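Protein chains in written order, with my numbering: chain U, 68 to 332; chain Z, 66 to 627.
Single-structure report; data block below.
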């Protein structure tokens, strides 16, 4: 009898429930043992009654080397070791689990209350956090839909503001005119114009602090005017915006594949 | 003392158990007897399956300028059964959605109905105000509204979208499946406060695809403005202009006059909403002569220098064909095209004979759709040789007795311009940024013949040609004028007052990169193609050539303005 079982039996006089020898045999290795006389252990307050069956016992093995008889020319059939499949072994293990002393100790101890409480609280907390997560996802999706709608509305607004007709009307109101179609042409490529374009990009023309005076010149000349007078620009270095920027005056124009070299006049 | 406490404890226990029993009974009652009703209430109050509307794809030009976009909107609906004070609600909602309060009251006062639309497709910016009012019985159903930010630009080409989001015309109709996407379905479970606690997409929403066109908004704008000038000067019934890259068949502009605001197509008459470029069939007149000549050149019946001694009239069966501008005497093939000789072209046509002539007409793509991805394309009318009358060969070679569309003329001339390859026009450049397949072309005339015809067509714009006044400094132009009488359905034959003036031009003539067709239907006053349509082509080319950075043939001439 295991110690806790013995203690229990001693305290309350209860007989600890034990697994049958057959089950234990199966769990411990699945050895097929020869039939033996059945015995039952029972008793109260530790008293045990052993009832033996009338069946004859199997002959006990005589100690000493097993080959003794074989050596003497007598063949002996030893019991063959058989390993039960995993499934039944697991079932057997599970069915004996409640009887295990470790489990019994844990269940009967106060720690078990804490463990159960922890598991229950964890379960509830997990559910709550799951709900919170779902709610968060829901509100995020709704917010994203709302933002998408707002974005769509803004995009539509931008498209309307970008309308060529609106911009042309605005430009006309500012006194600008469309250059005659035949007056638009390109400038020849060249370092001067590239420099001018770079200066235009950086907005240096109207900012005296950033103006770069040419060597030997007291007053920095207007690089755009110099470029227009003597140079041209490559197509590679010029974007549509640059071309448009250069065409605000009617004498400037847009270029022809970098091959053309005329000004508009 | 001890027993008193014990009795109190017992009493409390009894009370506790009694309450517990009551709660249990109530729970059992709710869970069994009332379960059906409660379940139904929970489903209707907490679970909702909502439609997630698919965003309709955007239509842009080749540079990304947005021509058609979708804006979020809402359908405003009401459940009159839930509205206690219809007058008050009508007065509050009416001004926001833009419906007169009286009209709204009529809808809200009808208590027999559980659902009524108050106004559809109200912009989201306005419905936000309505949402804040939180009026019971007023619902907002999310939807989207199609807007055309460029207003008039390419409106006939773009078409329109109906109130339920279906494409009704133009590209919106032709590519509706791609543009509309697929609405999703979402199941939402809400808590008692209305917050979503569970959300599941039963069917995922698939947004519509963005369609990028081959159009160039700037060229389109210029073409429409030029047509507007033509409209103002000649008050025609209608006009159309096509700008095409003859090398690829890409349409850079498809303009129509009169203009229609794409946001209000419903207010425009039917004829104004028609995309004449693809749907209008007309007798082309002299612009067709280039195809007669090209066929004869390819058949080696004539050469550009073959000389014809032409009388002032020619009799074909019962019909006498005469020159439009008096007798032209002796002309070579190039001169026949340059001076648009009717007698000379009919003579060449007669040399070909009906069968060969018909084969060439069909080889250039007439009598069937070009295959452009535009809806409702007309195929034109080209009679078969078996249907010819005795005088047909006196009419057909000069572009009478058959009907073509401006788009067919553009693709036919593009084949001459690009060296002999007939290629369907193309309008959709890419879908969601993925380039669409370029239509395959097929050679219909040799490069040599195409080159010869191009050279001959230069003569049309040279001194003595029918469009000699048309020029652009620095660029060599080629083209052909057309002035065709319209059939008179009342008296039979051809009208003496109704004409179709047209011009097909391309530049630079030696390596064409832009081709323009302008067709003016029933111009008032002047009706000659060279005077009505050719200057329009010139003004479009004047803009398009430098805009597309096409180098002039003679840069010095550009500088001098010659």
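Just so you know, even glycine gets a beta-carbon here, dropped at the ideal spot from N, CA and C.
All values reported here derive from a predicted model rather than from experimental measurement.
| query | Is residue 250 of chain Z helix, strand or coil by DSSP? | reply | Locating residue 250 of chain Z in the second chain gives position 185, counting from the first residue. Correct three-state label for residue 250 of chain Z: strand.
| query | Quick one: what's residue 113 of chain Z bridged to in DSSP? | reply | Working through the second chain from its first residue, we reach residue 113 of chain Z at position 48. Per DSSP, Z/253.
| query | So residue 439 of chain Z and residue 343 of chain Z are in contact, right, with Cβ under 8 Å, and what is the actual spacing, rounded? | reply | Residue 439 of chain Z sits at position 374 when you count from the first residue of the second chain. Residue 343 of chain Z sits at position 278 when you count from the first residue of the second chain. Confirmed, Cβ separation roughly 5 Å.
| message | Output needed in chain order: residues of the segment 273-292 of chain Z with a Cβ under 7 Å from some Cβ in chain U. | response | 282 and 286
| task | State the start and end residues of the unbroken alpha helix (DSSP H) segment that holds residue 165 of chain U. | result | Taking the first chain and counting its residues from 1, the one referred to as residue 165 of chain U is at position 98. Run containing residue 165 of chain U: none; DSSP gives neither H nor E here.
| Is any beta-carbon of chain Z found at less than 7 Å from that of residue 237 of chain U? | Looking up residue 237 of chain U in the first chain gives position 170. Not one chain Z Cβ lies under 7 Å of residue 237 of chain U.
| field | Extent of the continuous beta strand (DSSP E) run through residue 270 of chain Z | value | As a working mapping, residue 270 of chain Z is identified with position 205 in the second chain. Premise fails: residue 270 of chain Z is in no beta strand (DSSP E) and is neither H nor E.
| Length of the line joining the Cα atoms of residue 148 of chain Z and residue 102 of chain Z | The residue labelled residue 148 of chain Z in the question sits at position 83 within the second chain. The residue labelled residue 102 of chain Z in the question sits at position 37 within the second chain. Taking the straight line joining both Cα atoms gives about 25 Å.
| query | Got a sec, what are the start and stop residues for the beta strand (DSSP E) residue 384 of chain Z sits in? | reply | As a position in the second chain, residue 384 of chain Z is number 319, starting the count at 1. Note, residue 384 of chain Z: beta strand (DSSP E), 384-387.
| message | For a cutoff of 7 Å on Cβ pairs, would you count residue 230 of chain U as touching chain Z? | response | Working through the first chain from its first residue, we reach residue 230 of chain U at position 163. So yes, residue 230 of chain U belongs to the interface.
| message | Cβ closer than 7 Å: which chain Z residues qualify as neighbours of residue 234 of chain U? | response | Here residue 234 of chain U refers to the residue found at position 167 of the first chain. Residues of chain Z passing the Cβ test: none, with the nearest at roughly 11 Å.
| query | Taking Cβ-Cβ distances below 8 Å as the criterion, which residues of the segment 210-229 of chain Z are in contact with chain U? | reply | 212, 214, 215, 216, 217 and 218
| query | Just how far apart, CA to CA, sit residue 354 of chain Z and residue 410 of chain Z? | reply | As a working note, residue 354 of chain Z is residue 289 in the second chain. As a working note, residue 410 of chain Z is residue 345 in the second chain. Each residue's Cα considered, the two are about 7 Å apart.
| Own chain, CB closer than 6 Å to residue 89 of chain U, minus 5 neighbours either side, in chain order | On the first chain, residue 89 of chain U is found 22 positions in, with the first residue counted as 1. Interpretation of residue 89 of chain U is limited by its pLDDT of 44, a score under 50 that renders its predicted location unreliable; no figure is taken from the coordinates.
| task | Just the C-alpha distance for residue 305 of chain Z and residue 320 of chain Z, rounded to the nearest angstrom, thanks. | result | Here residue 305 of chain Z refers to the residue found at position 240 when the second chain is read from its first residue. Here residue 320 of chain Z refers to the residue found at position 255 when the second chain is read from its first residue. Going by the C-alpha atoms only, they are around 6 Å apart.
| request: Name the two residues that bound the continuous beta strand (DSSP E) containing residue 551 of chain Z. | output: Residue mapping note: residue 551 of chain Z aligns to position 486 of the second chain, counting from 1. Element bounds for residue 551 of chain Z: 543-552.
| query | Is the segment 257-273 of chain Z touching the segment 284-293 of chain Z in the sense that three or more CB pairs, one from each, lie closer than 8 Å? | reply | no
| query | According to the neighbour-count rule (16 or more other Cβ atoms, all chains shown, within 10 Å of its Cβ), is residue 168 of chain Z buried or exposed? | reply | Mapped onto the second chain, residue 168 of chain Z falls at position 103. It counts as exposed.
| query | Just reading off the alpha helix (DSSP H) that residue 137 of chain Z is part of, what are its end residues? | reply | If you number the second chain from 1, residue 137 of chain Z lands on position 72. No alpha helix (DSSP H) holds residue 137 of chain Z; the beta strand (DSSP E) holding it covers 131-143.
| Contacts of residue 137 of chain Z in chain U (Cβ-Cβ under 7 Å) | The sequence position of residue 137 of chain Z within the second chain is 72, counting from 1. Going along chain U in sequence order, the residues near residue 137 of chain Z (Cβ under 7 Å) are 216, 219 and 220.
| request: Show which residues of chain U have a CB atom less than 9 Å away from the CB atom of residue 185 of chain Z. | output: Counting from one through the second chain, the residue named residue 185 of chain Z turns up at place 120. Residues of chain U passing the Cβ test: none, with the nearest at roughly 17 Å.
| So, do the segment 420-430 of chain Z and the segment 541-554 of chain Z have three or more beta carbon pairs nearer to each other than 8 Å? | Output reads no: the segment 541-554 of chain Z does not touch the segment 420-430 of chain Z.
| task | Could you say which of Z/281, Z/133 and Z/243 lies nearest to residue 272 of chain Z if we only look at CA atoms? | result | Residue mapping note: residue 272 of chain Z aligns to position 207 of the second chain, counting from 1. Measuring from the Cα of residue 272 of chain Z, the nearest candidate turns out to be Z/243.
| Does any C-beta atom of chain U lie closer than 7 Å to the C-beta of residue 261 of chain Z? | Mapped onto the second chain, residue 261 of chain Z falls at position 196. Yes, contact with chain U.
| Would you say residue 471 of chain Z and residue 367 of chain Z are within 7 Å of each other, going by their C-beta atoms? | Position 406 of the second chain holds residue 471 of chain Z. Position 302 of the second chain holds residue 367 of chain Z. Against a cut-off of 7 Å, the Cβ pair of residue 367 of chain Z and residue 471 of chain Z comes out as no contact.
| task | List the whole-angstrom C-beta distance separating residue 276 of chain Z from residue 493 of chain Z, where the pair is believed to meet the contact cut-off of C-beta under 8 Å. | result | Position 211 of the second chain, counted from the first residue, corresponds to residue 276 of chain Z. Position 428 of the second chain, counted from the first residue, corresponds to residue 493 of chain Z. Their Cβ separation, rounded to whole angstroms, is 6 Å, which keeps residue 276 of chain Z and residue 493 of chain Z in contact under 8 Å.
| message | Pop quiz: residue 159 of chain Z and residue 165 of chain Z are said to be a contact at Cβ under 8 Å. What is the actual Cβ separation, rounded to whole angstroms? | response | Along the second chain, one-based indexing puts residue 159 of chain Z at 94. Along the second chain, one-based indexing puts residue 165 of chain Z at 100. Yes, they are in contact, since the Cβ atoms of residue 159 of chain Z and residue 165 of chain Z sit about 6 Å apart, within 8 Å.
| Cα separation between residue 247 of chain Z and residue 563 of chain Z? | Walking along the second chain from the start, residue 247 of chain Z turns up at place 182. Walking along the second chain from the start, residue 563 of chain Z turns up at place 498. About 49 Å.
| said: Below 7 Å on C-beta distance, what does residue 43 of chain U contact in chain Z? | reply: Nothing about residue 43 of chain U can be read from this structure; chain U reaches only from 68 to 332.
| Roughly how many angstroms lie between the CA atoms of residue 202 of chain Z and residue 303 of chain Z, to the nearest whole one? | Residue 202 of chain Z sits at position 137 when you count from the first residue of the second chain. Residue 303 of chain Z sits at position 238 when you count from the first residue of the second chain. Near 50 Å, if we compare the C-alpha coordinates of residue 303 of chain Z and residue 202 of chain Z.
| request: Could you list which residues in chain U have their beta carbon closer than 9 Å to that of residue 189 of chain Z, in chain order? | output: Here residue 189 of chain Z corresponds to residue number 124 of the second chain, with the count starting at 1. Result: 216, 217, 219 and 220.
| field | Contact set between residue 264 of chain U and chain Z, taken where Cβ atoms lie within less than 8 Å | value | Locating residue 264 of chain U in the first chain gives position 197, counting from the first residue. Here the premise fails: no neighbours, minimum Cβ distance about 16 Å.
| request: Starting from residue 315 of chain Z, follow the beta strand (DSSP E) in both directions and report where the run begins and ends. | output: Position 250 of the second chain, counting from 1, holds the residue named residue 315 of chain Z. 315-322 is the extent of the beta strand (DSSP E) around residue 315 of chain Z.
| query | Is residue 131 of chain Z close to chain U, meaning its C-beta is less than 7 Å from at least one C-beta of that chain? | reply | The residue given as residue 131 of chain Z occupies position 66 in the second chain. Yes, because at least one Cβ of chain U sits closer than 7 Å to the Cβ of residue 131 of chain Z.
| field | residue 584 of chain Z - partner residues in DSSP beta bridges | value | Start at 1 with the first residue of the second chain, and residue 584 of chain Z comes out as number 519. For residue 584 of chain Z, the pairing in a beta bridge is given by DSSP as Z/305 and Z/567.
| query | In whole angstroms, what is the alpha-carbon distance linking residue 285 of chain U and residue 499 of chain Z? | reply | As a working mapping, residue 285 of chain U is identified with position 218 in the first chain. As a working mapping, residue 499 of chain Z is identified with position 434 in the second chain. Bear in mind that a pLDDT of 48 at residue 285 of chain U, under 50, signals an unreliable position, so the number given afterwards is only what the model happens to contain. Take the alpha-carbon of residue 285 of chain U and the one of residue 499 of chain Z: they are about 56 Å apart.
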